[in-house]
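Asks: Heads up: the sequence shown runs through residues 1 to 317, numbered per my numbering.
Backbone N, C-alpha and C fix where the C-beta goes; we use that ideal spot for every residue, glycine too.
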Amino acid sequence: MHARLAVGLDAGGTSSRAVLIDETGALLGTGASGPANPVGGDREIALSNMALAFQRALGGIDPTEVGSVCIGTAGALSLTEEVRELSADLKRRFATQCDVRVVSDAVIAFAAGSSAPDGTVVVSGTGAVAFAIRDRTPALRSDGYGWLFGDAGSGFWLGREAVRATLRHIDGNGPGGRLVEAIIAAISPDKRRSGALVAKCMADPPVRLSRFSALVCEAADGGDPVAESIVARAVGHLAESVSYVVDRELPIVMAGSLLTRPTPIAALLQERFRLVYPKAGISKATDPAIGAAWMAASAFVTDPEARVRLHRQLAWR
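1) CB-CB under 7 Å to residue 117, same chain, minus the five flanking residues each way: which ones, in chain order?
2) Classify residue 65: buried if its beta carbon has 16 or more other beta carbons within 10 angstroms, exposed otherwise.
3) Specify, as a first and last residue, the run of the beta strand (DSSP E) that residue 141 falls within.
4) Residue 23: buried (16+ other C-beta within 10 angstroms of its C-beta) or exposed?
5) Could you tell me the alpha carbon to alpha carbon distance between residue 9 and residue 34, rounded to whole angstroms?
6) List the DSSP bridge partners of residue 131.
7) Residues in its own chain within less than 7 Å of residue 251 by CB, not counting five upstream and five downstream?
8) Is the beta carbon of residue 133 less than 8 Å from the beta carbon of residue 107?
9) Counting along the chain, where does the beta strand (DSSP E) carrying residue 284 start and finish?
10) Starting from residue 258, trace the alpha helix (DSSP H) in both directions and tell me its first and last residue.
11) Assign residue 60 to one of two classes, buried (16 or more other C-beta atoms within 10 Å of its C-beta) or exposed (fewer than that).
12) Please report the straight-line C-alpha distance between residue 167 and residue 225, rounded to a whole angstrom.
13) Less than 6 Å between C-beta atoms, sequence neighbours within five positions excluded: which residues of the same chain meet that for residue 30?
14) Would residue 215 and residue 163 qualify as a contact pair, given that the criterion is a beta-carbon distance under 8 Å?
15) Please indicate yes or no: does the CB of residue 115 lie closer than 7 Å to some heavy atom of the ligand SAM?
16) According to DSSP, is residue 307 part of a helix, a strand, or is it coil?
17) Taking C-beta to C-beta, are residue 242 and residue 122 nearer than 8 Å?
18) Does DSSP put residue 1 in a helix, in a strand, or in coil?
19) Buried or exposed: residue 203, going by 16 or more other Cβ atoms within 10 Å of its Cβ?
20) For residue 254, which residues does DSSP report across the bridge?
21) Which one of 220, 244, 278, 236 has the shortest CA to CA distance from residue 262?
22) Excluding the 5 residues flanking residue 273 on each side, which residues of the same chain have their C-beta closer than 6 Å to its C-beta?
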């Protein structure tokens with residue numbers, strides 16, 4: 001008898017990734033494709049990219065052999081009335097016989113860091129948001145309002161604050177240093193004028209400012225006071241977002257590129273959580289697609305202890 005198969009898919013706004021596992025936790029295949037947000041972009045392109053990532057993960061395996069599929073997407077919270085239709089459409093495109101479960105990307109991010117049904121997830125990548133998770137479903141929410149209204153402590157926010165600090169310095173209203181010089185070199189090395197920097201930044205979509213978050217982290221690691229101040233404020237914003245939704249004794253999962261990679265923001269935020277929430281287990285999310293695959297496999301791995309063992313095995317990949 002063959003082990004049952006499950007597919008998890010992280011359908012992101014910039015790229016998508018699918019993984020194929022069996023009920024023993026063996027990773028059998030992976031597949032990647034382009035952006036797949038059914039709300040924020042072209043729905044047909046999103047669904048096509050999901051199907052492509054799914055097919056690539058399967059390789060030559062017959063889709064009818066897959067026993068469970070779980071997809072996490074940023075648009076799921078806005079699709080409450082359409083999730084059933086979306087699931088049915090994806091089932092046809094995947095050519096599977098099993099149901100296709102569509103959930104919020106916050107849910108698979110939490111599952112990528114904890115096997116518990118309840119807890120808190122804080123995400124900081126291009127954007128930033130915190131959710132209370134209850135029975136593997138988003139409950140209370142804090143921030144995640146996009147670049148215009150929120151996302152405090154995100155990659156975009158870091159980039160914007162770095163450019164603002166640079167503009168102040170050029171106009172004689174703030175200190176310079178490693179970060180300021182790096183921003184000038186990246187944007188307008190030939191024209192050290194605030195107007196030139198503003199014009200070049202305004203020519204790009206606002207979220208492009210997130211590309212400067214790496215410069216902020218590198219400069220902060222190097223002891224640059226301007227960068228250290230920005231990092232400290234980012235940590236404060238993220239901690240505040242979590243404070244509105246957290247249960248102090250339930251797990252907290254840190255997700256998103258700024259919190260799962262070795263950044264000064266991740267280190268400082270994790271330290272703060274351990275001090276403020278000593279009874280909450282603090283963990284970092286692994287690949288969200290792995291979290292989705294574990295949730296998919298949970299459809300037939302129903303024993304609680306077996307689920308925890310499967311999660312532990314997948315998390316250590």
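Replies: So, to answer that:
1) 135, 136
2) exposed
3) 137-143
4) buried
5) 12 Å
6) 121, 141
7) 114, 116, 119, 280, 281, 283
8) yes
9) 282-284
10) 257-260
11) exposed
12) 16 Å
13) 19, 57
14) no
15) Only the bare structure without any ligand can be found here, which leaves the ligand SAM out of the picture.
16) helix
17) yes
18) Per-residue confidence for residue 1 stands at a pLDDT of 47, beneath the threshold of 50, marking its modelled position as unreliable; the derived number appears in the next sentence. It is coil, neither helix nor strand.
19) exposed
20) 122, 284
21) 220
22) 252, 282
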